[in-house]
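Chemist:
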Amino acid sequence: MDRFIHETRYLSTTSIDVGSSCGSQKPLYMHEGFFSYPYHFNAEGKKRKEAEIPLKQLQKYKELRTITATGPNISPPQHSAPPGLTRSSFATPIPAHRQTLKQPETPPEFNRRPTAMLPPPPGPTPPTPPGPLPPPSSSPPPYSAYPSPRQQGHDTRLDAIQQLMDPADRQVVEKARRQREEIIALNQSLETTQNVVTEKRQKLEESCQNEQLASTKATTEKARADQLEHDFQKACLAHESLLKAYEETVTKLETAENRMDQYREEVKELKSQVDHLTSQSAEFLGQRDAANGELQRVNQQRRLVQELVFEAAGPSARKRTASDACLDSGERPAIRGMREKTSSSGGSVVDLTGDNEGHDGVVG
Numbered sequence: 001m002d003r004f005i006h007e008t009r010y011l012s013t014t015s016i017d018v019g020s021s022c023g024s025q026k027p028l029y030m031h032e033g034f035f036s037y038p039y040h041f042n043a044e045g046k047k048r049k050e051a052e053i054p055l056k057q058l059q060k061y062k063e064l065r066t067i068t069a070t071g072p073n074i075s076p077p078q079h080s081a082p083p084g085l086t087r088s089s090f091a092t093p094i095p096a097h098r099q100t101l102k103q104p105e106t107p108p109e110f111n112r113r114p115t116a117m118l119p120p121p122p123g124p125t126p127p128t129p130p131g132p133l134p135p136p137s138s139s140p141p142p143y144s145a146y147p148s149p150r151q152q153g154h155d156t157r158l159d160a161i162q163q164l165m166d167p168a169d170r171q172v173v174e175k176a177r178r179q180r181e182e183i184i185a186l187n188q189s190l191e192t193t194q195n196v197v198t199e200k201r202q203k204l205e206e207s208c209q210n211e212q213l214a215s216t217k218a219t220t221e222k223a224r225a226d227q228l229e230h231d232f233q234k235a236c237l238a239h240e241s242l243l244k245a246y247e248e249t250v251t252k253l254e255t256a257e258n259r260m261d262q263y264r265e266e267v268k269e270l271k272s273q274v275d276h277l278t279s280q281s282a283e284f285l286g287q288r289d290a291a292n293g294e295l296q297r298v299n300q301q302r303r304l305v306q307e308l309v310f311e312a313a314g315p316s317a318r319k320r321t322a323s324d325a326c327l328d329s330g331e332r333p334a335i336r337g338m339r340e341k342t343s344s345s346g347g348s349v350v351d352l353t354g355d356n357e358g359h360d361g362v363v364g
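Using UniProt numbering, the first residue of the sequence shown is number 1, and each one after it goes up by one.
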């Protein structure tokens, strides 16, 4: 309770600079409406997360906040403050020109008087607490008998503190309130900007991923196009080789056709010659047949003549040789030699006499 009295008197006699406290990372000894974490902003003015605040300092700050937030309408904390926690550990030193205004200690009864004894705050009147009020001569009721400012919907502690302050201190508090509102607005704008930056960063990351995918796809397509171009070049070379082979084949076919034409002409000439020779051979065969018929007729006449000669000469004439018969018939020796030569060369021998003993004629 002494600590609460000391802090209340310090609020009523000391000016508070919210901006300098936040910038220098020092706590604010104010009620709950003006309180914010002392380490909410770092030395550069940037917002800090609660996880970045040292645990020991955060615990001390929360305990100090509970102590300073306790007013005449709020029950005191149920737990005791940790040892070694004093106002000088966190508070800003009192300026020299303010130390002469420090008031003497007041009895606890002055600070423990009920809210009804304080001047009424401006604005709507808070509702009457439930239950009958104790008489003034009796001891004040416990804190639990009065509703809290949160339940009433209006924080009466601020009005009570402002009434205890000097006009200069009130101006400082108003300035601190405006600065706090500006800081809150700045925090909101920073959060909005951070959200926008986060969205833009996400969009940039998505665009970068899309660009990477597109570049990967383009690289794949380029490699595929190169492979297709290589295959096309190979196909072109194969096509050219096939065209050359086709041209050579066509040239060979033309040469073969020319040769076939020549062969056809030669075959025609040979056929004409064969036809001519066939006609000549037919004529020769006819002449041969005619000659053979003539020879047969002549041989028959000669046989008849010989038979007549043999019958006239008698049986002794048959023992004569064929040469003697030739000599008797008057045949020349030259004709007989030619007949023997022709017979040795393989020609056809015709019996002119018909006696089968000598060769009387040769047909080629």
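A virtual CB, placed ideally from N, CA and C, is assigned to each residue, including glycine.
#1: Roughly how many whole angstroms lie between the Cα atoms of Q227 and T255?
#2: Using the three-state DSSP reduction, which class does D166 fall into: helix, strand or coil?
#3: How should I184 be labelled, buried or exposed, when 16 other C-beta atoms within 10 angstroms of its C-beta is the threshold for buried?
#4: Just to confirm the assignment: which complete beta strand (DSSP E) runs, minimum length 3, are found wholly within the segment 207-234?
#5: For Q287, which residues of its own chain have a beta-carbon under 8 Å away from its beta-carbon, when the five flanking residues on both sides are left out?
#6: Can you tell me whether V309 is buried or exposed? The criterion is at least 16 other CB atoms within 10 Å of its CB, across all chains shown.
#7: Return the CA-CA distance between A334 and L277, expressed in angstroms with no decimal places.
#8: Identify whether G314 lies in helix, strand or coil by the three-state DSSP scheme.
#9: Whole angstroms are fine: how far does the CA of A168 sit from the CA of R177?
#10: In whole angstroms, what is the alpha-carbon distance linking R170 and Q209?
#11: Classify G313: buried if its beta carbon has 16 or more other beta carbons within 10 angstroms, exposed otherwise.
#12: I need the straight-line Cα distance from Q202 to N195, nearest angstrom please.
#13: Can you list, in chain order, the residues of its chain whose CB lies under 6 Å from that of L270, leaving out five sequence neighbours each side?
#14: Is it buried or exposed, P135, if we count other Cβ atoms within 10 angstroms and call 16 or more buried?
#15: Got a sec? Which residues, its chain only, sit under 8 Å from V229 by beta carbon, not counting five neighbours each side?
#16: Taking its Cβ as the centre, do 16 or more other Cβ atoms sit within 10 Å of R259, making it buried, or is it exposed?
#17: Leaving out the 5 sequence neighbours to the left and right, which residues in its chain are closer than 7 Å to A225 when beta-carbon positions are compared?
#18: Could you tell me the alpha carbon to alpha carbon distance between E182 and T193, rounded to whole angstroms?
#19: Is V267 near the ligand GDP, going by C-beta to nearest heavy atom under 7 Å?
#20: Could you tell me if V250 is buried or exposed, where buried requires 16 or more neighbouring beta carbons within 10 angstroms of its beta carbon?
Modeler: Taking the coordinates as given:
#1: Within the sequence shown, the letter at position 227 stands for residue 227. Within the sequence shown, the letter at position 255 stands for residue 255. Q227 and T255: Cα-Cα distance of roughly 42 Å.
#2: If you number the sequence shown from 1, residue 166 lands on position 166. If DSSP states are grouped into helix, strand and coil, D166 belongs with coil.
#3: Counting from one through the sequence shown, the residue named residue 184 turns up at place 184. Exposed.
#4: none
#5: In the sequence shown, the residue the question calls residue 287 occupies position 287. Contacts found: none.
#6: Position 309 of the sequence shown, counted from the start, is the residue given in the question as residue 309. So V309 counts as exposed.
#7: Within the sequence shown, numbered from 1, the residue matching residue 334 stands at position 334. Within the sequence shown, numbered from 1, the residue matching residue 277 stands at position 277. Note that A334 scores 45 on pLDDT, short of 50, meaning its location in the model is unreliable and no value can be drawn from it.
#8: Here residue 314 refers to the residue found at position 314 of the sequence shown. The answer is coil: DSSP assigns G314 none of H, G, I, E or B.
#9: Start at 1 with the first residue of the sequence shown, and residue 177 comes out as number 177. Start at 1 with the first residue of the sequence shown, and residue 168 comes out as number 168. Approximately 14 Å between the Cα atoms of the pair.
#10: Within the sequence shown, numbered from 1, the residue matching residue 170 stands at position 170. Within the sequence shown, numbered from 1, the residue matching residue 209 stands at position 209. Cα to Cα, R170 sits roughly 57 Å from Q209.
#11: Locating residue 313 in the sequence shown gives position 313, where the first residue counts as 1. Checking the sequence shown, residue 313 turns out to be Ala, not Gly. Label assigned to A313: exposed.
#12: For the purposes of this step, residue 202 is identified with residue 202 of the sequence shown, where counting begins at 1. For the purposes of this step, residue 195 is identified with residue 195 of the sequence shown, where counting begins at 1. Distance between the alpha carbons of Q202 and N195 is about 10 Å.
#13: Within the sequence shown, the letter at position 270 stands for residue 270. Once the five neighbours on either side are set aside, L270 has no close Cβ partner at all.
#14: Numbered from its first residue, the sequence shown carries residue 135 at position 135. Caution is warranted here: a pLDDT of 49 is assigned to P135, below 50, making its placement in the model unreliable, and the coordinate value is therefore given only provisionally. Exposed, by the Cβ-count rule.
#15: In the sequence shown, residue 229 corresponds to position 229, counting from 1. The residue you asked about is not Val; residue 229 is Glu in the sequence shown. Closer than 8 Å at Cβ, skipping near neighbours: no residue.
#16: The residue given as residue 259 occupies position 259 in the sequence shown. R259 is exposed by the Cβ-count criterion.
#17: On the sequence shown, position 225 is the one that residue 225 refers to. Answer for A225: no residue qualifies.
#18: If you number the sequence shown from 1, residue 182 lands on position 182. If you number the sequence shown from 1, residue 193 lands on position 193. In a straight line, the C-alpha of E182 is about 16 Å away from that of T193.
#19: Because no ligand of any kind appears in the structure shown, any question about the ligand GDP cannot be addressed here.
#20: Start at 1 with the first residue of the sequence shown, and residue 250 comes out as number 250. For V250, the number of other beta carbons within 10 angstroms of its own is below 16, and it is reported as exposed.
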